[in-house]
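Visitor: For the sequence shown, position 568 (counting from the first letter as 1) is numbered 567 according to numbering that gives the first Met the number 0, and the numbering increases by one without interruption.
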Amino acid sequence: MIKIGIDTGGTFTDLVVLDDESGEIRTVKVPSTPEEPALAPLEALRQSGVAAGEIDRIVLGTTIATNAGLQKKGATVLYVGTKGVEDVPIIGRIDRKEAYNPAWPKPDSGVRRRHVFGIEERADHKGNVLTALEESELVRLGDWIDTWLATDPDGDWAVAVNLLFAYVHTAHEERIGQYLSKRFPSLPVSLSNRVSPIWREYERGTTCIADASIKRLMQRFVARLSGDLKAEGVSAPLTLMKSNGGHADAASAADVPVQIFLSGLAGGVIAGRRFARDHLSGKGVTLDMGGTSADVGLIIDGDFGSTTEYEIEWGVPVSALFIDYTTIGAGGGSIAHVDGGGFLRVGPKSAGAEPGPACYGRGGTEPTITDANIVLGRLDPDFFLGGRMKLKPELAQTTVAALAEELGLGVEETAVAVLDTAAENMADAIRLMTVERGLDHREFGLVAFGGAGSLHASDVAARLNMARVVVPPHPGLCSALGTLLTNQRVDRARTVLHRSDQIDYTVLGGQISEIAGEAEAELRREGLAGDAESRVLLNMRYLGQSFGELIPLTGLEIDAAMFEQAIQDLHVRHEELYGYSMRDKVVEITEVRVVALGEEAAEATFNAPAGSDGGTHGKRPVYFSGDGFVETTVYRRDALSAGARIDGPALIEEMDSTTLVHPGDAVEIQPDGSMLVNVRSAADSLAAASAPERDPVTLTIVNNALRNICDEMASTMVRTAYSPIFSESRDFSCMIFDKDRRLVGQAEMNPAIICAGLHTVPHCVDELGIENFLPGDVIVHNDPYRGQCHMPEHLLMKPVFLDGELIGFAANIAHVAEIGGMAPGSFATTATEVFQEGLRLPPVKLMAEGEYVKDVWRIVMANHRTPNTTWGDFHAIMGSLTTAERRLQGLVGRLGADAFSRIGDALIEHAEQWTRNEIGKLPNGTYEFEDFFEDDGVVAKPYTVRSKVEIMDDEIIVDLSGSDAQALGPINVTYVATAAAGCTAVLQSINARDVPLNSGCFKPIKVVAPPGTVVNPVFPAPSVAGNTEGQPRVITAVQGALAKAVPERVGAAEGGSACNLLLGGVHPDTGEFYTHYQLDGGGWGGRRAMDGNSAQCPAHASTIRATPIEVFESRFPLRTLEYSLRPDSGGAGTWRGGLGIRRVFE
């Protein structure tokens, strides 16, 4: 019998025919038909020549769902939420992607506010019903839906239902679904408890919305294709590739389309798994590089990993089980350009299939990766797609030459720079993906496929010190092949709650058995006749954390020994990922996940050509960095037999791909036809370049590497923290300083904290003495009169050494939720001196040469109301520093300490010059503005912040000398916080996005704030509210002044507050203190040609998030009655302000 695997991509549809008896395959490639997606698979099937009666099964991978979600081409969704919190998908997470871009538009969650309905019902976090769902509410909902359907009877409508705590109380959603299916039988309805039964209402809501929007589209596609196949005489079952790496009955999959959202991407990783098992001992990184992007997957111990979230666009997640992969904008059509900061960028913008790269001759004018390869002789313009498409090298030369002129480089140098940048971007993605999982990428090989993967694989591998690259047969059709190499698969997950010190194996075992039974039953419904293989994973975490790790069990029947082994596996996993474990802490189980596998994957047999004529097909000049153009032998792959060996330089061409063999590389043809590339010794590509410190490519690569380190620090922090202020709200910032105490790297996090780090880190080094920093030390510091902001923000920093030499510092400034003082949460609104605001720590060692400084820990724990939470949060911060230490050592080890120092100099000089250039575009002059506090919490009188901004050519002086005297109450803004706010205001006004945000950006900005004023209090004045309320006053005063100079750049003022609410007391269930720091967003002012964003965090915070209601109520003894947008709170006008938030607790 014959099995058919199909992959429908945006440009081509690939088909693989697998003969069950012989194991042999043959392939077909046809153009895709985006306007009618079912046509291309049918055409490919016709061209395959397979008789309909011979087909046993068809498995299809498709990007239809992905593209519809990305392009917002689905149905208009009517959203139903619990009354009072129905605005959740509109409010979002309140954070911003671009901290320094005031005009950044908020992402579209997939539903309009007028299409939101609040239904009267409520359950709590344990599944208890607080407000019953009445029949009258169902009727009211139905009438509301009828009203909308009447506005466009022929429109494409759908309903998404997402009630609070629906993952533990499903009955209300099920009743709604039953009612709507009877009243509106043809209306697609998605229920969040079925689509994504997870904790966190926003993520569950956006997933449910995405599912509803594409449900009818996918159902129509499946119905059309199934009908057409039947008309062709095909009776074999049609199954769809699922995002989790399995496949399912097409009709069932289309009914819950979110599970096939990444159907088209999964097949490639599955195929890569096959070749990693065969040639790399099961340890491979898959690189699927196509025309638009490159997808990177990870094969560990012969299998792929899984993840539970994918973002349709930034800030709009889809939560389901996906094959673990990452995508970057590095495809053949990715466009190279010079950004506003003067750096060379490649992607993510792409020329696409139309018009495509310039060399396609279809009107493309911007240089792409494909154009760069043409310029360097690495692609044959007459053999593209096996000669079916002729390329125009003269057009590639013209567009790359234009970029070369902009960069001040030669044409070939520029083409190399484009490919180097793309290769380093791919290498960075692989580094980040492996190190986040505690793995060493050097122990892996690369499996390269897609149309462009094998052209770039050796270069990427060399940068990573990966010794081997595997190029499978038919690399351009691997995704289609992968659809046939997978099982039927069903994943089931359920939120549970068990503690290791109170475990009941009977209850846990019963839950596992029930979930496994549900998963197997679904396989049976899809036609499974044999036995199912089930695997169980427990989501485990230390008590107090918000995120856990999936730990596999060794069987279905859990007992004490199996559970103890799972706990030990958690400790080991935590150490691998984050550098520490907490073996004496209670462990929680928060989720049971079962993977049920059905029908075995097909076995495909590959064979290299039996005979060979040597495969040579002439020579042509190919450009290699350092060697220039080199006469290079060209081979045709279909003429290379098993055992053949080719030494580089060489090109190996085939219909759908070209493999570049660099000088020093060697290729061996394997019996299955795969090409095994032994990669040249990976000499440091950066350090080996001549005088690399000043070229834009090296600067881009190192700047990106430093940013990635900070991003990974943040990931560690979020996943291991105890307090929701870190795990949910993300009120912290991660930074890298060089050995001279200069900021050289940061993630785009909270601007006010980043700017504060410029002062705080040098102060610590000066006070302690740089000679007293030793390997393994960790410093803690929160004293506002020693260079800090306000006391809740704690700096933890760690010196980083390489071969005994200090190379820099890792730093993390984080808002610790509780530090003692006169009020829970350490925000005393009536404080009149700093001593009332909590425990004040000068720079002191928390860890000394890797050992706990026990007396310091005892002092801290004794003065905080929630010592266990502080202990966990401090370890999360230290884990982020350890992460940075490892990665910085790796980066500097590649570059060399001297080269790293010189590159740091160049990055800082570059950032300073960029900032000066941007300031220079502003009109010289002096501009003034003021803002004020209504009172200070103690004295009922206003306090004014007066700003005088002087622009002098390429410098700015922010003079706050006219501000009022310091307050008695806690609204005072320390100088460090004031300077941070002043710099933030300037950088946001000039939209500092593309430039490296390091010390250089701040050099042209001077902030003057005399001691004794509300913007620079003297000891012992309180200042805890200076960050939350004072920094917005400073930013408004400075931006108000700048608005007079450049009104086109500065919008109306934002909400002006962090909206922070401190909650605390004794938890009735535990008898222990709790504290919670609740952050919310406000409306931002209107801008030129657009309204302000609604429900957005303040300018000085920018990247903080609101704690989800379901997390909040599960952790603390409080309930949210309302969380909604305030109607008309943005005011009137052509371009209105955004809406604020109303939140009601009990």
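A virtual CB, placed ideally from N, CA and C, is assigned to each residue, including glycine.
1) Enumerate, from N- to C-terminal direction, the unbroken beta strand (DSSP E) stretches of 3 or more residues contained entirely within the stretch 323-400.
2) Under a three-way DSSP split, which group does Ala681 fall into?
3) Give me the DSSP bridge partner(s) of Ser1123.
4) Please confirm if Glu20 has its CB atom under 8 Å from at least one CB of chain B.
5) Identify which residue in Gly68, Gly301, Gly245 and Gly290 has its Cα closest to the Cα of Met207.
6) In chain order, what residues of the same chain lie with their CB nearer than 7 Å to the CB of Asn192, ignoring the 5 residues before and after it?
7) Alpha carbons only, please: which of Val138, Asp248, Leu228 and Asp210 is nearest the one belonging to Arg488?
8) Can you round the beta-carbon distance between Arg767 and Pro842 to whole angstroms, since I take them to be within the 8 Å contact cut?
9) Where do the ends of the alpha helix (DSSP H) carrying Phe274 lie?
10) Helix, strand or coil for Thr65, going by three-state DSSP, please let me know.
11) Give me the residue from Asn464, Leu163 and Glu556 with the minimum Cα distance to Leu507.
12) May I ask you to check if the CB of Gly52 is nearer than 7 Å to at least one heavy atom of the ligand FMN?
13) Can at least three beta-carbon pairs, one atom from the stretch 990-1003 and one from the stretch 963-972, be found at a separation below 8 Å?
14) Less than 6 Å between C-beta atoms, sequence neighbours within five positions excluded: which residues of the same chain meet that for Thr882?
15) With DSSP run on the structure shown, which of helix, strand or coil describes Tyr1076?
16) Measure the Cβ-Cβ separation of Ser251 and Thr61 and say whether it is below 8 Å.
17) Return the CA-CA distance between Ala422 and Leu190, expressed in angstroms with no decimal places.
18) Counting C-beta neighbours from all protein chains within 10 Å, is the total for Gly1070 16 or more, i.e. buried, or is it exposed?
19) With a Cβ-Cβ cutoff of 8 Å, do Val666 and Ile700 count as a contact?
20) If you follow the alpha helix (DSSP H) that Tyr178 is part of, which residue opens it and which one closes it?
21) For the alpha helix (DSSP H) that contains Ser946, what are its first and last residues?
22) Return the chain-ordered list of same chain residues with a C-beta closer than 6 Å to the C-beta of Ser684, the five sequence neighbours on each side being excluded.
23) What does the alpha-carbon distance come out to for the pair Ala690 and Ala905?
24) For Ala704, which residues from the same chain have a beta carbon less than 6 Å from its beta carbon, with the 5 sequence-adjacent residues on both sides left out?
25) Excluding the 5 residues flanking Gly360 on each side, which residues of the same chain have their C-beta closer than 7 Å to its C-beta?
26) Would the beta-carbon of Met217 fall within 8 Å of that of Pro184?
27) Can you check the stretch 24-112 for any beta strand (DSSP E) of at least 3 residues that lies completely inside it and give the ranges in chain order?
28) Over what stretch of residues does the beta strand (DSSP E) that includes Gly1132 continue unbroken?
29) Less than 8 Å between the C-beta atoms of His758 and Ala978, yes or no?
30) Select from Val115, Asn66 and Ala531 the residue whose C-alpha is nearest the C-alpha of Ile90.
31) How would you call Ala687, buried or exposed, if buried means at least 16 neighbouring beta carbons within 10 angstroms?
32) Using CA coordinates, which residue listed in Glu949, Lys389, Val660 and Leu418 is at the minimum distance from Val469?
33) Between the stretch 472-489 and the stretch 561-580, do three or more beta carbon pairs fall short of 8 Å?
34) When the distance is taken between beta carbons, is Ala746 closer than 8 Å to Cys733?
35) For the stretch 327-345 and the stretch 230-241, state whether three or more C-beta atom pairs, one from each stretch, are separated by less than 8 Å.
36) Taking Ile144 as part of the alpha helix (DSSP H), name the residues at either end of that continuous run.
Guide: This is what the structure holds:
1) 324-327, 333-337 and 343-349
2) The residue you call residue 681 lines up with position 682 of the sequence shown. Any reading at Ala681 needs caution, since the residue's pLDDT is 48, under 50, leaving its predicted position unreliable; the model's value is listed next. It is coil, neither helix nor strand.
3) For the purposes of this step, residue 1123 is taken as residue 1124 along the sequence shown, with counting starting at 1. According to DSSP, Ser1123 bridges with Arg1141.
4) In the structure shown, chain B cannot be found, because there is only a single protein chain.
5) Counting from 1 along the sequence shown, the entry for residue 207 is found at position 208. Reading off the sequence, residue 207 comes out as Cys, not Met. When only C-alpha atoms are compared, the closest one is Gly68.
6) Locating residue 192 in the sequence shown gives position 193, counting from the first residue. Ala165, Tyr166, Thr169 and Glu172, listed in sequence order.
7) Position 489 of the sequence shown, counted from the first residue, corresponds to residue 488. Of Val138, Asp248, Leu228 and Asp210, the residue nearest in Cα terms is Asp248.
8) Sequence index remark: in the sequence shown, residue 767 carries index 768 (1-based). Sequence index remark: in the sequence shown, residue 842 carries index 843 (1-based). One point to set straight first is that residue 767 is Leu, not Arg, in the sequence displayed. Sure, about 5 Å apart at Cβ, within 8 Å.
9) Your numbering for residue 274 matches position 275 in the sequence shown. Here the alpha helix (DSSP H) through Phe274 covers Ser262 to His278.
10) Along the sequence shown, read from residue 1 onward, the residue named residue 65 stands at position 66. Three-state DSSP puts Thr65 in a helix.
11) Here residue 507 refers to the residue found at position 508 when the sequence shown is read from its first residue. For Leu507, the nearest C-alpha among the options comes from Glu556.
12) Absence of the ligand FMN from the depicted structure is noted, as is the absence of any ligand whatsoever, leaving it without description.
13) no
14) For the purposes of this step, residue 882 is taken as the residue at position 883 of the sequence shown. Contacts found: Glu711, Met712 and Thr715.
15) Sequence index remark: in the sequence shown, residue 1076 carries index 1077 (1-based). Three-state DSSP puts Tyr1076 in a strand.
16) Looking up residue 251 in the sequence shown gives position 252. Looking up residue 61 in the sequence shown gives position 62. Their beta carbons are not under 8 Å apart, which means Ser251 does not touch Thr61 by this criterion.
17) To locate residue 422, count along the sequence shown from 1; it is residue 423. To locate residue 190, count along the sequence shown from 1; it is residue 191. Taking the straight line joining both Cα atoms gives about 42 Å.
18) The sequence position of residue 1070 within the sequence shown is 1071, counting from 1. It counts as exposed.
19) What you label residue 666 is simply residue 667 of the sequence shown in a count that begins at 1. What you label residue 700 is simply residue 701 of the sequence shown in a count that begins at 1. No; because the gap between Cβ atoms is not below 8 Å, this pair is not in contact.
20) In the sequence shown, counting from the first residue as 1, residue 178 sits at position 179. Note, Tyr178: alpha helix (DSSP H), Ala170 to Arg182.
21) If you number the sequence shown from 1, residue 946 lands on position 947. Premise fails: Ser946 lies in the beta strand (DSSP E), Tyr942 to Met951, not in any alpha helix (DSSP H).
22) For this step, residue 684 is matched to residue 685 along the sequence shown. Residue confidence for Ser684 is low, a pLDDT of 44 falling below 50, so the modelled location carries little weight; the figure read from the coordinates is stated next. Once the five neighbours on either side are set aside, the close Cβ partners of Ser684 are Arg462.
23) Residue 690 sits at position 691 when you count from the first residue of the sequence shown. Residue 905 sits at position 906 when you count from the first residue of the sequence shown. Confidence in Ala690 is poor, its pLDDT being 45 and thus under 50, which makes the residue's placement unreliable; the coordinate value appears in the next sentence. Each residue's alpha carbon lies about 12 Å from the other.
24) The residue given as residue 704 occupies position 705 in the sequence shown. For Ala704, where only same-chain residues beyond five positions count, the Cβ hits under 6 Å are Leu890.
25) As a first step, residue 360 must be located in the sequence shown, where it is residue number 361. The residues are Lys391 and Leu394.
26) One-based indexing of the sequence shown puts residue 217 at position 218. One-based indexing of the sequence shown puts residue 184 at position 185. For Met217 and Pro184, no; Cβs fall outside 8 Å.
27) 24-30, 54-61 and 75-81
28) Against the sequence shown, residue 1132 aligns to sequence position 1133. Unbroken run through Gly1132: none, as it is neither H nor E.
29) Stepping through the sequence shown from its first residue, residue 758 is reached at position 759. Stepping through the sequence shown from its first residue, residue 978 is reached at position 979. Taking 8 Å as the Cβ cut-off, His758 and Ala978 qualify as a contacting pair.
30) Within the sequence shown, numbered from 1, the residue matching residue 90 stands at position 91. Nearest of Val115, Asn66 and Ala531 to Ile90, Cα basis: Val115.
31) Locating residue 687 in the sequence shown gives position 688, where the first residue counts as 1. Since pLDDT at Ala687 reaches only 43, below the 50 mark, its modelled position is unreliable, and no value is offered.
32) Taking the sequence shown and counting its residues from 1, one reaches residue 469 at position 470. Ranking the options by Cα distance to Val469, first place goes to Val660.
33) no
34) As a working note, residue 733 is residue 734 in the sequence shown. As a working note, residue 746 is residue 747 in the sequence shown. Going by C-beta atoms, Cys733 is nearer than 8 Å to Ala746.
35) no
36) The residue you call residue 144 lines up with position 145 of the sequence shown. Note, Ile144: alpha helix (DSSP H), Glu134 to Thr150.
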